[in-house]
Structure formats: C-alpha cells, structure tokens
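Contents: one structure, followed by commentary.
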Amino acid sequence: MRILYHHRTLGDGAEGIHIQSIVNGLIQLGHQVKVVSLVGEKTQFRKAQDARESKWDWVRKHIPQPVYELAEIGYNLKGRRMLQKAIDSFRPDIIYDRYAHFSFAALWAAKKNNLPLILEVNSPYSIQKRQWEKLYFPWLSQYGEKKIFNAAPHIIVVSTPLKKIVMDYGVPEEKITVLPNGTDPERFNPDIDDQPLRKKLKLTGKIVLGFVGILRRWHNIDQLITVLEELNLPRLNAAMIFLGDGPSYQELVEFNRAKGHEAWIRFLGRIPHSEIQQYIAMMDVAISPHATPYSSPMKILEYMAMEKAILAPDMENIRDILRDGENALLFKPDDARSLKEKLLLLIQNEDLRRRLGKTARQDVVQKFTWLGNARKTAEIAQKLVDAHRL
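Residue 174 is where the sequence shown starts when you use our numbering, and the numbers rise one by one after that.
In structure tokens form, the structure reads like this:
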C-alpha cells in the first residue's frame, strides 16, 4: 500500500517516537509511506535547533491562548495545501491522520480526493485542554471534536477508556480499534549491563526503585516520596531514582535536600531517550505512581520490555497492558496505604520481582511491539482500501 501519514506535531518526545516507530514499521512490512507535517519527514531525530521546529515551539509558548486556538483552526488551510500536493505526487491508497486539536485538514483532503482514512486518537483534546489549560472556545472545541470523530471512516485509540470517550461522541463501536502503544524489545532488553552505571551512582548492591517521567506534584510524586520516607529505604538496603524534569522538579529537589534524603532518593534530571534504557536497566522495581485515565503509558511498556517488576495504579487503561499479580502489581489509585504495601512486597521478594518481570517481557514481545502495531494498522488500512474499491 501507499500510505500518506499526516501529523501536526513538532515530532519530538513521545509523539515523535510513536510516529517514527509506526512509519518505520509500515516501511519494514513493505509499504510505501510519505509523511506530511510542518516539520517535514523526520520526527524525534530532528535537531532541537531546527528553525522550523523552533519557530512553532516558540509560537506555542508565547502567543495568547485565543490566538493560538485560531491558529490551530487556520492550520487546516496550510495542511490541506500540503496534503493535496502530496496526494498529487504520491498518489496514496489511504491517508493516516494523527488527530490534533481542531485539525480536520486530512479529512478534508480525503473527502475531496475520494480516499479512505484512518484517524489515530491519542487524547480527547477538548477534555484534556479544559482540564489543564484555559480553552477560549470550549464549545467549538467539543463540537469540532465530535464532527471530526464521526466523519472518520475508522479510528484507532490507545486505550479502552479513550474508546468509550469516542463512543460518547456517537461513534459506533465497530468503527473503533483499541491499539495500545508499543515499544522496541530489541533496544529495551533485559541483557543490558547495569553494573557500570550502578557503580558510577554508588548503587552497587542496593535494591533500586525507579521512576521515569514528567515531575508534577499532581502526578502523586509527593505521595510516593512520603511512602518512601515511611518505608525507610536505607533500612531495606534500597534507593530511589527519579528520571525526568518538569514543573515541580526544582521544588522536589529542594524538598528532598531539606529532608536530608539525597543519599537514597536521587533526582537525576532529564535523561536523553537514547540513553534511558541504561538507567532502566538498574531498576529492580519500576514505579508508575500516576497515569492519565485515557493514556497508554509508553514508559510502562519499556519497563516491561526490560523485565522489570512494575508497580502501577489499578486503572482501566493500565489494565489494557498489565494484569495484577501476573505481569505487575497494581495498587489502588491515590491510596498511599495500598502503594506502600505493594511496594514493600516487591522490595522484600526477589522471586516475585523476577517472575513478574519475565511475564511482562513475554507479553511485550507477543503483544506490544511497534512492528506488531504497524502490522495491525496495515491490516485495518487494507480492509478500508478494499472496501473503498468495491
């Protein structure tokens, strides 16, 4: 198949990894893929100093919110022109569109050119933005999202709760496929030698607990730190490492320093994604203290691929990939006592950690690889193309 892949992102971070992994997987399966976006063909490999990326990043951070929302709507004119140019030259069989707030350019182009389309939805932006940002046109956001979802021939979502949200907009269940995120089990593998980094960080011989992600207080990081204090990690020959930065990074570092925990609770800052597997390799227990209810956490899949014992909240989207007592332990969300009990159990039981990790790795290899996701995407695309030709 000839697949035209459209996205309106900067192509960095988790978005870039997702986009490039699916594109690479489709190409590996023998399909021809052309990417249409503001930042061009490349995604997470694009340099930060790239002029186009810097320009759009600056726009997002500095212009007033109502102006930005109008710019999102205005993008559709540019997006349609870019898509039409690509359609004329590439002659795709199908369009694959990564949903963005107010973005309907791909649907527009698909209808004009009589092409089938798959819409990939990673977030219900009208809901997300009302929760975390000040939307100036909330009614228009919700109306636009409903119209876009219902116009798409088929929708891929990353979690079961997200499927339910899309269905609440009136989309029939048969038009929706749940496809959680994936990972690369060859890159994230359990055979990486963790001893050099353990030695460097003076963690040799200790039970290492770890977290990778954005540091926000409302992500229950403060609750986790309180639980770590209560457990008295030095007594258990354990230490905790936090990898990542975020709005609360400096506050948490200073809080930790004031408490005198620096020897056994470490904030290591942001680690490049190209190096993150070296740090995950050190972890005996990987902790996810919080998850957005409709997300598919990529870090959990990376933990699984590296055979880590995982502790995560018992939420519907988490249960799309984890099973309590089989490939992870799940605690009651926002329940410090449950978190503490499950964490202590993992710290004290090496056999349990090993069993959970091995099952998690097996599950990733069998069900949650990027190549597997690309294969399922291609199967959906082929059915749409075949039906469209009838």
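Just so you know, even glycine gets a beta-carbon here, dropped at the ideal spot from N, CA and C.
Keep in mind that this is a model prediction, so the values were computed, not measured.
1) So who's on the other strand from Ala554, going by DSSP bridges?
2) Out of Ile349, Ala325, Pro239, Ile483, which one is the CA nearest neighbour of His463?
3) In this structure, does DSSP put Met455 in helix, strand or coil?
4) Check for me: the alpha helix (DSSP H) holding His125 runs from which residue to which?
5) Which word fits Asp261, buried or exposed, when buried means at least 16 other C-beta atoms lie within 10 angstroms of its C-beta?
6) Please tell me whether His179 and Arg271 are closer than 8 Å, where the distance is taken between their beta carbons.
7) According to DSSP, is Ala412 part of a helix, a strand, or is it coil?
8) Judging by CA-CA distance, which residue of Gln193, Leu409, Ile387, Gln521 is the nearest neighbour of Arg443?
9) Helix or strand or just coil, what does DSSP make of Thr542?
10) Along the chain, where does the beta strand (DSSP E) that runs through Leu290 open and close?
11) Closest to Leu519 by CA distance: which of Val458, Arg562, Leu441 is it?
12) If we call anything under 8 Å between Cβ atoms a contact, is Thr356 one with Val537?
13) Taking all protein chains shown into account, do 16 or more other C-beta atoms lie within 10 angstroms of the C-beta of Asp507, making it buried, or fewer, making it exposed?
14) If we count the other Cβ atoms within 10 Å of its Cβ and call it buried at 16 or more, is Tyr316 buried or exposed?
15) Can you tell me whether DSSP reads Phe310 as helix, strand or coil?
16) Please report the distance separating the alpha-carbon of Ile565 from that of Ile453.
17) According to DSSP, which residues form a beta bridge with Gly383?
18) Taking just the CA atoms, how far does Ala278 sit from Asp341?
19) In chain order, what residues of the same chain lie with their CB nearer than 6 Å to the CB of Phe275, ignoring the 5 residues before and after it?
Working from what's here:
1) Stepping through the sequence shown from its first residue, residue 554 is reached at position 381. Note: Ala554 sits in no beta bridge, so no partner.
2) Within the sequence shown, the letter at position 290 stands for residue 463. His463 has its Cα closest to that of Ile483, out of Ile349, Ala325, Pro239, Ile483.
3) As a first step, residue 455 must be located in the sequence shown, where it is residue number 282. In the structure shown, Met455 sits in coil (DSSP, three-state: anything other than H, G, I, E or B).
4) The structure shown has nothing for residue 125, since the chain only spans 174 to 563.
5) Here residue 261 refers to the residue found at position 88 when the sequence shown is read from its first residue. It is exposed - the Cβ of Asp261 has fewer than 16 other Cβ atoms within 10 Å.
6) If you number the sequence shown from 1, residue 179 lands on position 6. If you number the sequence shown from 1, residue 271 lands on position 98. It is a contact, given that the beta carbons lie within the stated cut-off.
7) Here residue 412 corresponds to residue number 239 of the sequence shown, with the count starting at 1. It is a strand residue.
8) Working through the sequence shown from its first residue, we reach residue 443 at position 270. The candidate whose alpha carbon is nearest that of Arg443 is Ile387.
9) The count along the sequence shown starts at 1 and reaches residue 542 at position 369. Per DSSP, reduced to three states, the secondary structure at Thr542 is strand.
10) Residue mapping note: residue 290 aligns to position 117 of the sequence shown, counting from 1. That run of the beta strand (DSSP E) goes 290-294.
11) Taking the first residue of the sequence shown as position 1, residue 519 is located at position 346. If we check each option's Cα against that of Leu519, Val458 comes out closest.
12) The residue given as residue 356 occupies position 183 in the sequence shown. The residue given as residue 537 occupies position 364 in the sequence shown. Yes, the Cβ-Cβ distance between Thr356 and Val537 is below 8 Å.
13) Walking along the sequence shown from the start, residue 507 turns up at place 334. Counting Cβ neighbours within 10 Å, Asp507 comes out exposed, since fewer than 16 surround it.
14) The count along the sequence shown starts at 1 and reaches residue 316 at position 143. By the 10 Å Cβ count, Tyr316 comes out exposed.
15) Looking up residue 310 in the sequence shown gives position 137. In the structure shown, Phe310 sits in coil (DSSP, three-state: anything other than H, G, I, E or B).
16) Examination of residue 565 is not possible in this model, given that the chain is present from 174 through 563 alone.
17) Translated into the one-based positions of the sequence shown, residue 383 becomes position 210. Paired residues: Ile414, Ala459.
18) Mapped onto the sequence shown, residue 341 falls at position 168. Mapped onto the sequence shown, residue 278 falls at position 105. In this structure, the straight-line span from the alpha carbon of Asp341 to that of Ala278 is close to 23 Å.
19) Indexing the sequence shown from 1 puts residue 275 at position 102. Once the five neighbours on either side are set aside, the close Cβ partners of Phe275 are Glu245, Ile246, Gly317.
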